Every structure is written in C-alpha cells, then in structure tokens.
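Once you know that position 15 of the sequence shown is 14 in numbering that gives the first Met the number 0, the rest is easy, because the numbers rise by one and skip nothing. C-beta atoms are modelled at their ideal positions from N, C-alpha and C, and glycine is treated no differently. As the structure is a computational prediction, the values presented were derived from the model and not from experiment. In what follows, a single structure is set out as structure tokens and then discussed.
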Amino acid sequence: MTAATTTAVLVIDMQQGLCVGPGAAHDCAGTVARINTVTRRAREAFVPVIFVQHEGGPGYLEHDSPDWQLADGLETASFDFRLRKTTPDAFLRTGLERLLKSRGITQLVVCGMHTEFCIDTTCRRALALGFPVTLVADAHTSAGNAAIPAELVIAHHNLTLADISSFGPRVTTAMAAALQWPAGG
Numbered sequence: 000m001t002a003a004t005t006t007a008v009l010v011i012d013m014q015q016g017l018c019v020g021p022g023a024a025h026d027c028a029g030t031v032a033r034i035n036t037v038t039r040r041a042r043e044a045f046v047p048v049i050f051v052q053h054e055g056g057p058g059y060l061e062h063d064s065p066d067w068q069l070a071d072g073l074e075t076a077s078f079d080f081r082l083r084k085t086t087p088d089a090f091l092r093t094g095l096e097r098l099l100k101s102r103g104i105t106q107l108v109v110c111g112m113h114t115e116f117c118i119d120t121t122c123r124r125a126l127a128l129g130f131p132v133t134l135v136a137d138a139h140t141s142a143g144n145a146a147i148p149a150e151l152v153i154a155h156h157n158l159t160l161a162d163i164s165s166f167g168p169r170v171t172t173a174m175a176a177a178l179q180w181p182a183g184g
C-alpha cells in the first residue's frame, strides 16, 4: 500500500438488519471487531473511512429504519463519510467515484458484506474504474446460500477476486490485523 493520503476504506453494508435474525450473515460480531481494527488504524493515519449503506424497499433495509442502521458495535467517527446505495455496486448512482476523485484517492481498502453481492460487485467496479483494491480477507462476510456455506463463499472470493488481472489494477488480500498505514499519512 502506498501513502495513506491516497487510500480510503470502504465499509459496505454493515447494517443491523443483515446481522440479526434467521438471515444473519456469518460471524457478524467478529467481522465488526475486525472492521473496527481496520477503521481505527485508518483514522489514526488520517485515511478516510466511508460507510456505504444499502437501501431496499418497504420492509427491507428501508432508509432510517432500525434494520438500515449500522451494525451494533461498529465504531464510527463524526468525520467519516456516509453514502446510500440501492444496488450491489457502491459506485452506481452514489457519488462515490466523485468523492474519491475529489479527495485524491487512488486505491481502496474494502470490507463489509455481502461477499458474493456487494463486495464482489464493488471490487470489480473499482478495478474497472482504475482503483486497486485491498480486500480485507477476514473482514467481509456472507450469509451463504443453500449450495455454499458462508465460509466457502468468503474463501472463494478472496481467491477469485485476487486472481482477476484483466482490468489492470488488481485486488490483493490482507488480514485486518496486518493492515497498517504510516501515522499521520
């Protein structure tokens, strides 16, 4: 990773409604703790943190509903950025690309949920737009599905996304505890 001032952390869809109930994602509490490690270190190095929250229709992640709120235990700061989205792509109709460019951001650190939807789509879109991505290998999660358990979805995407070379920029993976930026940017 290069200078901190060119990096931003994207925390995608870490929302309360995706962490509780029968459809809860795998290891939400552990994922929240690892994301907090990443964002805490990022803030100490003056790296911007951007929380992206998905919005659905009535009854599903409806804006401002309890389920739409960020997950319990997720640490935020008043100067963190917040973006709302309505598709798996955190760039589509959100102003994310404009925000990144206006701040001179050239690379991203990505974590959050759901691995096979919003994490995958956003990572691929970031590459297509020219942003190299560090995927925090142990700080993204999934609920899995009837065919594949969450742990395998996560492992598969860690390998698959890092194997994509056709965009030019690449995805690399790193564990949350290993990510560090120089203090003070």
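Requested in this report: Thinking residue 84 and residue 54 are a contact (beta carbons under 8 Å), I'd like their distance in whole angstroms, please.
Outcome: 7 Å
**Report entry** Opening and closing residue of the beta strand (DSSP E) in which residue 195 lies
**Finding:** Residue 195 cannot be examined here, being either before or after the span of the chain that is shown, 0 to 184.
**Report entry** Own chain partners of residue 42 with C-beta closer than 7 Å, once the 5 adjacent residues on each side are dropped
**Finding:** 48 and 76
Query - Cα-Cα separation, residue 176 to residue 62 - result: 32 Å
Report task. Following the continuous alpha helix (DSSP H) through residue 38, name the residue where it begins and the one where it ends. Result -> 27 to 43
Report task. Just tell me which of 170, 82 and 110 has its CA closest to the CA of residue 35. Result -> 110
Query - For residue 87, the nearest candidate out of 38, 94, 120 and 150 (CA to CA) - result: 120
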